[in-house]
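**Q**
2 protein chains.
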Amino acid sequence: MTGTASNLQIVRTVKDLRQVVSSWRADGLTAGLVPTMGALHEGHFSLAERSVADNDRTCATLFVNPKQFGPNEDFDVYPRDEAGDAAALAERGVELLFAPGVEEMYPEGSTTVVTVPGIGDILEGACRPGFFTGVATVVSKLLVQSLPDKAYFGEKDYQQLCVIQRMTADLDIPVEIIGCPIIREADGLALSSRNAYLSDTERAIAPALNAALVHVVEALNAGMDVAAAEAEAARQILDAGFASIDYITARHPETLEPVTDFSGGARVLGAAWLGKTRLIDNIGVE
Amino acid sequence: MTGTASNLQIVRTVKDLRQVVSSWRADGLTAGLVPTMGALHEGHFSLAERSVADNDRTCATLFVNPKQFGPNEDFDVYPRDEAGDAAALAERGVELLFAPGVEEMYPEGSTTVVTVPGIGDILEGACRPGFFTGVATVVSKLLVQSLPDKAYFGEKDYQQLCVIQRMTADLDIPVEIIGCPIIREADGLALSSRNAYLSDTERAIAPALNAALVHVVEALNAGMDVAAAEAEAARQILDAGFASIDYITARHPETLEPVTDFSGGARVLGAAWLGKTRLIDNIGVE
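The structure is reproduced here in structure tokens:
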């Protein structure tokens, strides 16, 4: 199933996207979707490879969605390299890349938004107002535009995955949402397009976020009080050189609500600022 | 294409709905959708007849959507007669009725809402907070659940039609939204399920709403100032015996924003209270 760059078709309109996916359907083929904002790394490639393995055809999307960036966030400087991304996707056997412009996704006059109250309001939703509305809106559009059998999202953005699963079920979009494991550097740092913002010094400090989450998991497994474990982890991160912490918290693995009983498992999630870069990470607890 | 009651299949789950529509698709047949809240009258029947004429198969839906009623509105007493509605739809050649329960449409834990800022915030949206969010959410679900070729809505709820067209375009739902003309009693009263609430005395007063909108149209055509025409119409309605007016206004025919230049046409919309019943109506101006 390995292709070359010449086997990757690039389309820029919803109409062309639908035409290609319809032709797959007409041939009785299954389709997987891998939505991305580009700046692809091994985390994205693992999604593409999973989709290529699971489905007859795979469509990746590349759209830096302005609606999920706040007014003071990094939309303008978010890394962009379509040619490099396209070549890498082709190498991994992706057949189609949907790379629309902003006007195609949000034509003049469009206003509709999809909101996921509850799980979309806490943690990342509280730190980044409007973020999950932007995510839910663009993902609902991408899913309805292409109507694949399955769509793939990384657990790196674990809350985003939960929000997308909630939204897809609630709006009855007939697509199976698949979460895929976080890909990490050897020192534990979760791969992220935003790691490119880190200086060499910051890069050396960055794994402290993952280490602190691991510490919370170990403390919970050892029976330590959850608030004490979270506080210890926060101190570790700040001692390591992070500038500030948005949250370090153990939550219910599906609702992401605070819990005191972790017998059903937990997800430990963290968000912290390293210089001007905001990093997030998470780990599951059995 | 006329059927009998025995030709109408009733389904109550999204799964069964999809199975029937898929079987139509597999046979190469086109599908029309007629969403309703039941309590059907000739207005609804005109939608069903249009769909039956336009498409190979027609599915009507019957769901009194709790999310589009405010806390002090008439959800509990909204008229319900599924057996009568089903028989009438069968007579008109409708093949399928989707009549889900609230749990099927909004399972426990569901939270996602679809909002249409702008056109969804004014007029009815301002008078009935949350109304269009409830409408946009349930209609997006019904459209995505069934994925028909076309879906039919009455111009009686003109702003609702505009909101649904906006939402369907914005979320890229591949369904053509068709607006159908208002059906009126001989005296001009627009058919509405809520007309059943009117006493005999109120029923005699009710056509004054339509008459006042006609007056605004004639006044605009005669070159009268729009504010003066609206004020005259409001006085007429109150003089006729209406209790109060929510709005009587001439607007841009698509955005429903206030305009001063009506050379591109207009829509004159009214909402007023007759006793405890709220009536709405509208007329187009060429």
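As given, the protein sequences belong to chains A and B, one line each in that order. Sequential numbering from 1 applies to the first sequence in the working numbering. Sequential numbering from 1001 applies to the second sequence in the working numbering. Here a beta-carbon is modelled for each residue, glycine too, at the ideal position from N, C-alpha and C.
Roughly how many angstroms separate the alpha carbons of residue 184 of chain A and residue 35 of chain A, rounded to a whole number?
**A** Going from the Cα of residue 184 of chain A to the Cα of residue 35 of chain A covers about 20 angstroms.
**Q** Kindly indicate the opening and closing residues of the beta strand (DSSP E) around residue 1150 of chain B.
**A** 1150-1154 is the extent of the beta strand (DSSP E) around residue 1150 of chain B.
**Q** To which residues of the same chain is residue 1001 of chain B closer than 6 angstroms at the C-beta, ignoring the five residues directly before and after it?
**A** Below a pLDDT of 50, predicted positions are generally treated as unreliable, and residue 1001 of chain B, at 38, falls in that range; the measurement from the model is reported next regardless. Once the five neighbours on either side are set aside, the close Cβ partners of residue 1001 of chain B are 1052, 1093.
**Q** Taking the straight line between their C-alpha atoms, what separation do you get for residue 1138 of chain B and residue 175 of chain A?
**A** Using only the alpha carbons, I get a separation of about 19 angstroms.
**Q** Is the beta carbon of residue 271 of chain A sitting closer than 9 angstroms to the one on residue 124 of chain A?
**A** Closer than 9 angstroms, so yes.
**Q** The alpha helix (DSSP H) that contains residue 1036 of chain B, what's its start and end?
**A** Residue 1036 of chain B -> not in any alpha helix (DSSP H); beta strand (DSSP E) instead, spanning 1031-1036.
**Q** With H, G and I counted as helix, E and B as strand and the rest as coil, what does DSSP make of residue 246 of chain A?
**A** Strand at residue 246 of chain A.
**Q** Would the stretch 97-107 of chain A count as touching the stretch 57-68 of chain A if we require 3 or more Cβ pairs under 8 angstroms?
**A** Yes, the stretch 97-107 of chain A is in contact with the stretch 57-68 of chain A.
**Q** Does the distance from the C-beta atom of residue 1008 of chain B to that of residue 1147 of chain B stay below 9 angstroms?
**A** Result no, Cβ atoms of residue 1008 of chain B and residue 1147 of chain B do not sit closer than 9 angstroms.
**Q** In the stretch 1160-1172 of chain B, which residues sit with their C-beta less than 8 angstroms from some C-beta in chain A, listed in chain order?
**A** Answer set for the stretch 1160-1172 of chain B: 1166, 1167, 1169, 1170, 1171, 1172.
**Q** Helix, strand or coil: which one does DSSP assign to residue 1003 of chain B?
**A** Annotation note: pLDDT 40 at residue 1003 of chain B (below 50); position unreliable, coordinate value reported separately. The answer is coil: DSSP assigns residue 1003 of chain B none of H, G, I, E or B.
**Q** Note down the Cα distance separating residue 14 of chain A from residue 1170 of chain B, rounded to an integer number of angstroms.
**A** Cα-Cα distance, rounded: 12 angstroms.
**Q** Checking 9 angstroms against the spacing of the C-beta atoms, do residue 210 of chain A and residue 190 of chain A come in under that value?
**A** Yes.
**Q** Going by beta carbon distance, what residues of the same chain come within less than 6 angstroms of residue 42 of chain A, once the five residues before and after it are set aside?
**A** 183, 191, listed in sequence order.
**Q** Compare the C-alpha of residue 1084 of chain B against each of B:1062, B:1070, B:1256 and name the closest.
**A** Ranking B:1062, B:1070, B:1256 by Cα distance to residue 1084 of chain B puts B:1062 first.
**Q** Unbroken alpha helix (DSSP H) runs of length 4 or more, entirely within the stretch 1049-1130 of chain B: which are they?
**A** Fully enclosed alpha helix (DSSP H) runs of 4 or longer: 1082-1091, 1102-1105, 1124-1127.
**Q** Below 8 angstroms on the Cβ atoms is my contact criterion, and I expect residue 1180 of chain B with residue 1050 of chain B to pass it. Report the Cβ-Cβ distance as a whole number of Å.
**A** Confirmed, about 6 angstroms.
**Q** When the Cα of residue 1026 of chain B is compared with those of B:1057, B:1236, B:1075, which residue comes out closest?
**A** Checked all of B:1057, B:1236, B:1075; the closest Cα to residue 1026 of chain B is B:1057.
**Q** For residue 1144 of chain B, which residues in chain A fall below 8 angstroms Cβ to Cβ?
**A** Chain A residues near residue 1144 of chain B: 144, 171, 172, 173, 174.
**Q** Can you give me the C-alpha to C-alpha distance between residue 1021 of chain B and residue 1141 of chain B, rounded to a whole angstrom?
**A** Going from the Cα of residue 1021 of chain B to the Cα of residue 1141 of chain B covers about 15 angstroms.
**Q** So, with DSSP's three-state summary, where would you put residue 201 of chain A?
**A** Correct three-state label for residue 201 of chain A: helix.
**Q** When the Cα atoms are used, what is the spatial distance from residue 1199 of chain B to residue 1160 of chain B?
**A** So the two alpha carbons sit approximately 27 angstroms from each other.
**Q** Do you know how far the Cα of residue 1079 of chain B is from the Cα of residue 44 of chain A?
**A** Cα-Cα distance, rounded: 52 angstroms.
**Q** Step through the CB atoms of chain B and report whether any lies within less than 9 angstroms of the CB of residue 177 of chain A.
**A** No, its Cβ sits nowhere closer than 9 angstroms to a Cβ of chain B.
**Q** Is it buried or exposed, residue 55 of chain A, if we count other Cβ atoms within 10 angstroms and call 16 or more buried?
**A** Residue 55 of chain A should be labelled buried.
**Q** Name the chain A residues that come within less than 9 angstroms of residue 1270 of chain B, Cβ to Cβ?
**A** Within chain A, no residue comes near residue 1270 of chain B; the closest Cβ sits about 25 angstroms away, beyond 9 angstroms.
**Q** Since residue 1141 of chain B meets chain A, which of its residues come closer than 7 angstroms, beta carbon to beta carbon?
**A** Ordered by position in chain A, the residues that pass the 7 angstroms Cβ test against residue 1141 of chain B are 171, 172.
**Q** Can you tell which of A:31, A:268, A:205 has its C-alpha closest to the C-alpha of residue 217 of chain A?
**A** The shortest C-alpha separation from residue 217 of chain A is found at A:268.
**Q** Could you give the C-beta distance for residue 1087 of chain B and residue 1010 of chain B, rounded to a whole number, given that I count them as a contact under 8 angstroms?
**A** At roughly 11 angstroms, the Cβ-Cβ gap does not stay under 8 angstroms, so residue 1087 of chain B and residue 1010 of chain B are not in contact.
**Q** Quick check: is the beta carbon of residue 1005 of chain B nearer than 9 angstroms to any beta carbon in chain A?
**A** With a pLDDT of 48 at residue 1005 of chain B, under the threshold of 50, the modelled position of that residue is not reliable, and the figure given next carries that caveat. So no, residue 1005 of chain B is outside the interface.
**Q** Within 10 angstroms of its Cβ, does residue 1249 of chain B collect 16 or more other Cβ (buried), or is it exposed?
**A** Residue 1249 of chain B should be labelled buried.
**Q** Applying the criterion that 16 or more other CB atoms from any shown protein chain within 10 Å of the CB defines a buried residue, is residue 230 of chain A buried or exposed?
**A** The residue is buried, with at least 16 neighbouring Cβ atoms inside 10 Å.
**Q** Going straight from the alpha carbon of residue 1164 of chain B to that of residue 1075 of chain B, what length do you get?
**A** For residue 1164 of chain B and residue 1075 of chain B, the distance between alpha carbons rounds to 21 angstroms.
**Q** Given a limit of 7 angstroms on CB to CB distance, which residues of the stretch 232-263 of chain A reach chain B?
**A** Listed by position, the residues of the stretch 232-263 of chain A near chain B (Cβ gap below 7 angstroms) amount to none.
**Q** Spatial neighbours of residue 197 of chain A within its chain, please: CB distance less than 6 angstroms, with the 5 preceding and 5 following residues excluded, ordered by chain position.
**A** 277, listed in sequence order.
**Q** So is residue 1120 of chain B buried or exposed if we call it buried at 16+ other beta carbons inside 10 Å?
**A** Its Cβ being crowded by 16 or more others within 10 Å, residue 1120 of chain B is buried.
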